[in-house]
Each structure stands twice: as C-alpha cells, then as structure tokens.
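Step one of this worksheet: look at the structure below.
Printed below as a string of structure tokens:
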C-alpha cells in the first residue's frame with residue numbers, strides 16, 4: 497500500500513514538472529496567499545471603520561432565506577434580551593477569522609464588496625474584552641439584514657426573563673407591584689391591623705413607594721435606561 501502511494505506521488509511530481517517549474521509554482525502560490533491576505537485585511541478594515549452603506553448588491557437567488565431578518569424582528573429580540581444593534585466599528589473586541597472567511601466567501605459568491613456591517617450583542621461586548629453571542633449582519637436594503645456569522649456562547653434563555661423588568665416602564669412598574677405584594681404578604685402584622693384600619697393597604701403602599709424609589713435611584717444613578725430606549729443607541733452610559 498505504501499509503495500503504491502509513493503508511486504502515485506512520484507507520478508504526480510513528474511506531471512507537475514511538465515506543467516511548471518517549482519519556482520513558478522511557489523511564486524504563484526505566494527501571490528495567491530498575498531492576494532488572499534490583502535482581501536482579508538480589506539474586509540477587517542471595512543468592519544472596523546464607519547460606513548454609510550445601507551444596502552449591498554446581493555444576488556437574490558443565492559441568499560439563504562433563514563438568514564434574512566427585518567429590522568423590526570431584530571429590534572424585538574434586542575429589547576427582549578437587552579441587546580444592542582450597532583455598526584461594527586463600535587465593536588471593540590475584534591471579529592474572529594471565521595467571520596472574515598464567511599464575508600470573503602460571500603463576496604466571491606455574490607461578486608460584490610460587502611459594507612455597512614452591523615452587530616447584535618450585549619452592551620458589554622461593545623466595551624470590554626469579554627463577549628457572548630455576537631451576531632454579524634450586512635444590510636440588504638429596505639431595513640432587511642443578512643446574518644453572516646454568530647460566534648461566542650449561545651445566549652442564556654433565562655436572560656429574556658431576567659431582563660423583562662427593564663424592558664419598558666410598564667414592565668418595571670408591574671415588577672415593583674409584584675415585589676411589593678410579596679413583601680406585604682411576608683410582613684408580620686401583629687396587632688397593627690387591629691389598631692389601624694386598612695393596615696395591609698398602608699403597608700403595601702409604603703413597600704411600593706420604597707421599592708420604586710430604591711430601584712429607580714439605583715437604575716438611573718448607574719446611567720441605565722429601559723431596553724426599548726437603548727437597543728440601537730450608540731452611547732454607553734445608559
């Protein structure tokens with residue numbers, strides 16, 4: 497078996513010498529690598545710099561329908577999970593080589609140059625050196641985006657429920673009401689209800705006012721805002 501493999505390799509080498517010299521082959525391969533490296537650096541440069549491009553010239557018949565998303569669908573997921581959808585140049589943690597390879601392959605397949613990249617990820621991914629579940633998109637046009645690549649860890653399903661109180665003002669108020677009811681139920685009344693009429697209601701109102709005051713103070717003191725207000729905001733102090 498080994499002898500046959502050596503024989504085949506020898507035959508291939510003989511055929512290669514008829515085709516081109518080793519020097520020519522090495523030079524062509526070197527040029528190919530240089531060209532590929534230049535194209536990859538160009539892609540990385542486009543990702544890391546601001547772009548005004550809102551559409552790309554995709555070949556419609558080559559698009560995968562399960563990777564096409566409307567801005568409204570992206571907004572809904574961002575609000576539910578407290579994510580942001582921003583231009584790629586705001587993403588400070590760097591794009592993996594696999595994502596660059598996918599962009600390169602798409603450009604060759606569609607015979608175009610992709611620009612205007614967008615990333616959906618948690619706020620921290622746009623600030624820190626740790627990240628989870630970023631998604632890279634390219635605009636198709638008319639508020640539609642094409643999903644190119646996802647990397648990092650899968651998003652925790654519990655994140656949606658943990659972020660519900662901060663989705664909007666109504667959710668926040670409902671959350672405070674629920675916590676107030678629970679704390680009121682757990683508060684021992686002793687003889688208070690006998691001496692003060694409607695003691696339960698007074699305790700509930702006190703709890704509600706206190707919880708709202710504390711949560712609002714801490715929430716806004718930290719420069720935070722509700723999910724519906726920050727999903728596409730470029731400023732980090734909210």
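In the numbering used here, the protein residues as written are 497 to 734. From the three backbone atoms N, C-alpha and C, an ideal C-beta is built for every residue, glycine too.
{"Asked": "Per-residue DSSP class, three states only, for residue 625", "Found": "For residue 625, the pLDDT reaches just 38, beneath the cut-off of 50, and the residue's location in the model is therefore unreliable, leaving the point undetermined."}
{"Asked": "Helix, strand or coil at residue 537 according to DSSP, with G and I counted as helix", "Found": "helix"}
{"Asked": "Segment contact flag, the stretch 590-602 with the stretch 533-550, C-beta cutoff 8 Å, min 3 pairs", "Found": "yes"}
{"Asked": "From 656, 665 and 698, residue whose alpha carbon lies closest to that of residue 712", "Found": "665"}
{"Asked": "Candidates 557, 676 and 562: closest to residue 641 by CA position", "Found": "562"}
{"Asked": "Buried or exposed (CB count within 10 angstroms, at least 16 for buried), residue 612", "Found": "buried"}
{"Asked": "The stretch 560-580 contacting the stretch 596-605, beta-carbon criterion three pairs below 8 Å", "Found": "no"}
{"Asked": "Bridge-paired residues (DSSP) for residue 645", "Found": "632"}
{"Asked": "Euclidean distance between Cα positions of residue 614 and residue 555", "Found": "20 Å"}
{"Asked": "Continuous alpha helix (DSSP H) stretch holding residue 451: start and end", "Found": "No statement about residue 451 is possible, as the shown extent of the chain runs from 497 to 734 and does not include it."}
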